[in-house]
Amino acid sequence: MSVLLKTKEQFQQNIITTFETYAEAPVSQAVRRVVLVTGGTGGIGSAICKKMAQQGHIVATTYRNEEKAFAWAEEMKKQGFTFHLYKCDVASFEDSQKMVKAVVQDLGPLQILVNNAGITRDSTLRKMTIDQWRDVISSDLDSVFNVTRSAIDYMLETGFGRIINISSINGQKGQFGQSNYAAAKAGMHGFTKALAQEVAKKGITVNTVSPGYIETDMIGAVPENIRNNIVAQIPVGRFGKPEDVAHVVSFLISEESGFITGANIASNGGHFME
Ligand SMILES: NC(=O)c1ccc[n+]([C@@H]2O[C@H](COP(=O)([O-])OP(=O)(O)OC[C@H]3O[C@@H](n4cnc5c(N)ncnc54)[C@H](OP(=O)(O)O)[C@@H]3O)[C@@H](O)[C@H]2O)c1
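Each step along the sequence shown adds one to the number in this note's numbering, with nothing skipped, and position 48 is 186.
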């Protein structure tokens with residue numbers, strides 16, 4: 139196994155930085171495709187990136203926080219994964235266009251896109267600032283337009299595409315203190331359904347995955363009594379794992395899933411059923 143890793147200084151100097159590690163991942167899928175996962179350095183994104191790499195795909199991901207991305211890349215390298223990192227604020231259309239162009243130039247035709255990047259800025263509506271509203275709408279919903287709009291022509295050119303939008307249980311049922319987040323996440327599925335119809339005859343599927351409460355750092359920071367209250371509402375009796383979400387993504391990107399489009403697949407342990 140050979141490893142080619144930029145220094146921290148090199149990493150910080152570039153505007154769009156390609157960060158490469160080379161390792162051997164087990165290949166289990168015949169067709170090797172270029173996959174872009176936004177927000178891969180987070181809890182769920184990491185599991186999706188790993189799953190895609192384990193299936194033999196070439197995986198690109200984005201980040202904003204350089205320190206975090208550097209540490210993440212080091213950790214992934216230790217675990218033997220090959221990822222290509224691009225600095226990009228997906229809330230910016232210009233940044234997203236540049237990033238997608240760089241991915242295609244570096245890695246080849248982009249055929250699988252997982253819109254996973256997202257943030258929360260919780261507050262009841264009466265206390266919510268316009269910045270809290272705009273930050274969530276731009277990082278969680280505008281980003282889906284920004285990156286998908288930048289990528290769609292490449293998928294159309296090759297006649298194959300898989301677009302997965304990572305929404306949330308709270309986009310389906312709403313949640314106290316999350317009018318911004320619930321609006322963005324519900325809007326994401328409206329986008330899914332409209333685009334699915336536009337590209338259905340072109341070999342491209344568009345689907346939403348709506349995770350329930352997933353055991354990430356965010357959930358880990360919640361006090362134990364509140365965690366216990368949440369778990370009591372989940373019929374399977376546990377929080378989800380990032381791998382539970384990655385599994386659904388891996389199912390949706392497969393060749394065999396070409397008949398599934400415009401769907402919203404919940405991975406929530408039965409916490410909310412439609
Ligand atoms: N965790 C849960 O229980 C849960 C449940 C339902 C849905 N979800 C959804 O699943 C997705 C991943 O969640 P997570 O828990 O893994 O979150 P996380 O650990 O906080 O990771 C979020 C990722 O998104 C990136 N990101 C956020 N805004 C960005 C922007 N404007 N431009 C570029 N990158 C940006 C972050 O990068 P930087 O740190 O570099 O900014 C980070 O890599 C989110 O869309 C979230 O809403 C999560």
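Just so you know, even glycine gets a beta-carbon here, dropped at the ideal spot from N, CA and C.
Three or more beta-carbon pairs under 8 angstroms between the stretch 382-394 and the stretch 315-334, yes or no?
no
F397 to T343 span [Cα, whole Å]
The residue given as residue 397 occupies position 259 in the sequence shown. The residue given as residue 343 occupies position 205 in the sequence shown. Looking at the two C-alpha atoms, the distance is approximately 8 angstroms.
Does the beta-carbon of T354, which I'm using as the reference point, lie nearer than 7 angstroms to any heavy atom of ligand 1?
In the sequence shown, counting from the first residue as 1, residue 354 sits at position 216. True, at least one ligand heavy atom lies under 7 angstroms from that Cβ.
N367: first and last residue of the uninterrupted alpha helix (DSSP H) it sits in:
Residue mapping note: residue 367 aligns to position 229 of the sequence shown, counting from 1. N367 -> alpha helix (DSSP H) spans 362-370.
Between the CA atoms of T220 and M214 - distance to the nearest angstrom:
Locating residue 214 in the sequence shown gives position 76, where the first residue counts as 1. Locating residue 220 in the sequence shown gives position 82, where the first residue counts as 1. About 8 angstroms.
Ordered list of beta strand (DSSP E) runs contained in the stretch 211-291, each at least 3 residues
221-225, 248-253
Taking three-plus beta-carbon pairs below 8 angstroms as touching, is the stretch 302-317 in contact with the stretch 358-367?
no
Considering only DSSP beta bridges, list what Y351 is partnered with.
By 1-based counting over the sequence shown, the position of residue 351 is 213. Paired residues: none, contrary to the question.
Within 7 angstroms: the Cβ of V228 and any heavy atom of ligand 1?
What you label residue 228 is simply residue 90 of the sequence shown in a count that begins at 1. Yes, the Cβ of V228 comes within 7 angstroms of a heavy atom of ligand 1.
Excluding the five sequence neighbours on either side, which residues of its own chain have a C-beta within less than 6 angstroms of the C-beta of G183, listed in chain order?
The sequence position of residue 183 within the sequence shown is 45, counting from 1. Answer for G183: V175, G177, N254, listed in chain order.
With burial defined as no fewer than 16 other Cβ atoms inside 10 Å of the residue's Cβ, what is the status of P380: buried or exposed?
Here residue 380 refers to the residue found at position 242 of the sequence shown. So P380 ends up on the buried side.
Confirm, please, whether the CB-CB distance from I307 to F377 is below 8 angstroms.
Position 239 of the sequence shown, counting from 1, holds the residue named residue 377. Position 169 of the sequence shown, counting from 1, holds the residue named residue 307. Not a contact, by the Cβ cut-off of 8 angstroms.
How big is the Cα-Cα spacing for A401 and A289?
For the purposes of this step, residue 401 is identified with residue 263 of the sequence shown, where counting begins at 1. For the purposes of this step, residue 289 is identified with residue 151 of the sequence shown, where counting begins at 1. Straight-line Cα distance between these residues: approximately 20 angstroms.
Locate the beta strand (DSSP E) running through G375, then write down its first and last residues.
As a working note, residue 375 is residue 237 in the sequence shown. Taken as a continuous stretch (DSSP letters only), G375 belongs to no beta strand (DSSP E), as it is neither H nor E.
Quick check: is any heavy atom of ligand 1 less than 7 angstroms from the C-beta of D278?
As a first step, residue 278 is located in the sequence shown; it is residue number 140 there, counting from the start. Yes, the Cβ of D278 comes within 7 angstroms of a heavy atom of ligand 1.
Please identify the residue among V173, I250, L279, D291 whose C-alpha is closest to the C-alpha of I257.
On the sequence shown, position 119 is the one that residue 257 refers to. Taking only the C-alpha atoms, the option nearest I257 is L279.
Run the CB neighbour count on I250, radius 10 Å, all protein chains shown included, and call it buried at 16 or more, exposed below.
Residue 250 sits at position 112 when you count from the first residue of the sequence shown. It counts as buried.
K414 versus F298 - alpha carbon distance:
Because the chain in this structure spans residues 139 to 412, residue 414 falls outside the shown range and cannot be described.
What three-state label does DSSP hand S305 in the structure shown?
Here residue 305 corresponds to residue number 167 of the sequence shown, with the count starting at 1. In the structure shown, S305 sits in coil (DSSP, three-state: anything other than H, G, I, E or B).
Apart from the five residues just before and just after V285, which ones in its own chain have a Cβ nearer than 7 angstroms to its Cβ?
Your numbering for residue 285 matches position 147 in the sequence shown. Same-chain partners within the cutoff: T176, V228, S234, V238, L251, N253.
Where Q419 sits in the DSSP three-state scheme
Residue 419 lies beyond the stretch modelled for the chain, which goes from 139 to 412, so this question has no answer here.
First through last residue of the alpha helix (DSSP H) which encompasses I186
Working through the sequence shown from its first residue, we reach residue 186 at position 48. Residues 181-192.
Below 7 angstroms, is the gap between the Cβ of T346 and the nearest heavy atom of ligand 1?
Within the sequence shown, the letter at position 208 stands for residue 346. Answer for T346: no, Cβ out of range of ligand 1.
Apart from the five residues on each side of it in sequence, which residues of its chain come closer than 7 angstroms, Cβ to Cβ, to R170?
On the sequence shown, position 32 is the one that residue 170 refers to. Within the same chain, R170 has close Cβ partners G194, H195, I196.
Kindly list the residues whose CB is nearer than 6 angstroms to the CB of D382, restricted to its own chain and excluding five residues on each side of it in sequence; keep chain order.
Numbered from its first residue, the sequence shown carries residue 382 at position 244. S405.
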